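Colleague: Below is the structure I would like to discuss, written out as structure tokens.
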Amino acid sequence: MKILIVEDEQDLRDVMTSFLERELYVVEVATDYESGLAKIASYSYDCILLDVMLPGGSGMKLLRKLRELNKGDSVIIVSAKDSVEDKVQGLELGADDYLAKPFHLSELLARIKTIIRRNSRHSVQDAALVFKNVRLYPEDRKLLVNETEVFLNRKEYDLLYYFMIRPEKLVPKTSLAEAVWGDDADQSDSLDFIYSQIKNLRKKLKDSQAAIDFQAVYGVGYKLI
Numbered sequence: 066m067k068i069l070i071v072e073d074e075q076d077l078r079d080v081m082t083s084f085l086e087r088e089l090y091v092v093e094v095a096t097d098y099e100s101g102l103a104k105i106a107s108y109s110y111d112c113i114l115l116d117v118m119l120p121g122g123s124g125m126k127l128l129r130k131l132r133e134l135n136k137g138d139s140v141i142i143v144s145a146k147d148s149v150e151d152k153v154q155g156l157e158l159g160a161d162d163y164l165a166k167p168f169h170l171s172e173l174l175a176r177i178k179t180i181i182r183r184n185s186r187h188s189v190q191d192a193a194l195v196f197k198n199v200r201l202y203p204e205d206r207k208l209l210v211n212e213t214e215v216f217l218n219r220k221e222y223d224l225l226y227y228f229m230i231r232p233e234k235l236v237p238k239t240s241l242a243e244a245v246w247g248d249d250a251d252q253s254d255s256l257d258f259i260y261s262q263i264k265n266l267r268k269k270l271k272d273s274q275a276a277i278d279f280q281a282v283y284g285v286g287y288k289l290i
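Converting from the sequence shown to the working numbering requires adding 65 to each position, the first position being numbered 1.
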């Protein structure tokens with residue numbers, strides 16, 4: 066799961082980033098209106114945490130731009146301005162929730178989970194992602210193959226999750242890197258690290274007798290088949 070924090074207050078931004086990374090989210094940050102706009106125009110996020118007061122422009126304006134781009138990213142407005150008017154405006158512009166500062170990190174996490182679950186393509190009644198004899202439980206980050214649990218590290222799980230929500234569809238390596246590694250992917254000279262992670266994940270799936278595999282499309286990416 067990938068989250069964007071658009072917040073100019075460094076201490077709060079750092080605290081939220083560290084906390085959410087410990088909760089195994091991929092976190093990217095923007096510190097002002099322009100960098101926030103560049104992020105939302107170029108990438109997609111499971112949830113955006115958006116401050117109202119930003120250098121160079123308002124969070125409300127950024128939210129309006131997001132909707133003009135016809136993007137469905139979930140948004141939680143995080144603001145020191147706890148006024149009814151701001152809440153109403155944010156919700157009318159398409160925000161999913163509004164959280165006033167100061168707040169407890171546990172409450173922030175609960176709201177993020179609620180929104181992601183609510184906006185998921187998969188219903189709460191069908192909490193598992195199922196493809197062939199593989200069953201993935203996003204809430205528990207658990208993988209079952211033929212009802213036997215298979216243990217994955219963080220990146221292996223994130224990779225498999227990204228493919229499980231789009232089985233049999235070609236996933237470009239660039240999209241995979243952005244979704245699973247976030248800003249860290251930009252610091253790499255190549256995308257060879259994806260091949261290494263796919264190789265390790267494929268071995269674990271094969272050893273557990275999973276009926277799924279990754280098909281490489283040369284020069285483009287991979288398919289889960």
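Built from N, CA and C at the ideal position, the CB exists for glycine as well.
A quick note: this is a predicted structure, and the numbers were derived from the prediction, not measured.
Alpha helix (DSSP H) containing D79: first to last residue?
Modeller: Counting along the chain, the alpha helix (DSSP H) containing D79 begins and ends at Q75 to R87.
Colleague: Would the region 93–102 and the region 69–76 be scored as touching if the rule is three or more Cβ pairs under 8 Å?
Modeller: These segments touch.
Colleague: From what residue to what residue does the alpha helix (DSSP H) around R267 run?
Modeller: Where R267 is concerned, the enclosing alpha helix (DSSP H) stretches over D257 to D272.
Colleague: Please name the residue, chosen from M66, I141, F228 and F216, that lies closest to S109 on a Cα-to-Cα basis.
Modeller: Among M66, I141, F228 and F216, the Cα nearest to that of S109 is on M66.
Colleague: Select from V140, K288 and V80 the residue whose C-alpha is nearest the C-alpha of R231.
Modeller: Cα-wise, what sits closest to R231 is K288.
Colleague: Closest by CA to K238, which one among M81, N211, C112 and V285?
Modeller: Among M81, N211, C112 and V285, the Cα nearest to that of K238 belongs to V285.
Colleague: Between the Cα of F258 and the Cα atoms of L224, S273, K271 and F228, which residue gives the shortest distance?
Modeller: Per the Cα distances, L224.
Colleague: Under the assumption that G247 contacts E88 (Cβ atoms under 8 Å), give the Cβ distance between them as a whole number of angstroms.
Modeller: The pair is not a contact, with the Cβ atoms about 14 Å apart (cut-off 8 Å).
Colleague: Just to confirm before moving on: does the CB-CB distance between L241 and Y227 stay below 8 Å?
Modeller: Result yes, Cβ atoms of L241 and Y227 sit closer than 8 Å.
Colleague: Taking 6 Å as the limit between beta carbons, can you name the residues of its chain near G122, skipping five residues before and five after?
Modeller: Contacts found: Y98.
Colleague: Would the region 135–142 and the region 176–185 be scored as touching if the rule is three or more Cβ pairs under 8 Å?
Modeller: The region 135–142 vs the region 176–185: in contact.
Colleague: Go ahead and pull the three-state DSSP assignment for L289.
Modeller: The answer is strand: DSSP assigns L289 an E or B state.
Colleague: For L235, I'd like the list of residues in its chain whose CB is within less than 7 Å of its CB, leaving aside the five on either flank, ordered along the chain.
Modeller: Once the five neighbours on either side are set aside, the close Cβ partners of L235 are V282, V285, G286 and K288.
Colleague: Does Y202 pass the burial test, meaning 16 or more other C-beta atoms within 10 Å, or should it be called exposed?
Modeller: Looking at its Cβ environment, which holds fewer than 16 other Cβ atoms inside 10 Å, Y202 is exposed.
Colleague: Report yes if the C-beta distance between K207 and E214 is below 8 Å; otherwise report no.
Modeller: Yes, the Cβ-Cβ distance between K207 and E214 is below 8 Å.
Colleague: Rank M81, K268 and G124 by C-alpha distance to the C-alpha of A160 and give the top, closest one.
Modeller: Answer by Cα proximity: G124.
Colleague: Check this for me: beta carbons of R176 and L164, under 8 Å apart or not?
Modeller: Yes. Within cutoff.
Colleague: Run the CB neighbour count on A95, radius 10 Å, all protein chains shown included, and call it buried at 16 or more, exposed below.
Modeller: Label assigned to A95: buried.
Colleague: What is the DSSP secondary structure of E214, reduced to helix, strand or coil?
Modeller: If DSSP states are grouped into helix, strand and coil, E214 belongs with the strands.
Colleague: Starting from R200, follow its DSSP beta bridges and name the residues at the other end.
Modeller: BP columns for R200 point to V195 and L209.
Colleague: Under 8 Å by Cβ, that's how I've got D116 and S144 pegged, so tell me the actual separation to the nearest angstrom.
Modeller: D116 to S144, Cβ: 6 Å. Contact.
Colleague: Pick out whichever of Q274, R78 and E233 has its Cα sitting closest to the Cα of L170.
Modeller: Checked all of Q274, R78 and E233; the closest Cα to L170 is R78.
Colleague: First and last residue of the alpha helix (DSSP H) that includes D223?
Modeller: R219 to M229 is the extent of the alpha helix (DSSP H) around D223.
Colleague: Can you tell me which residues form a DSSP beta bridge with D162?
Modeller: Paired residue(s): I141.
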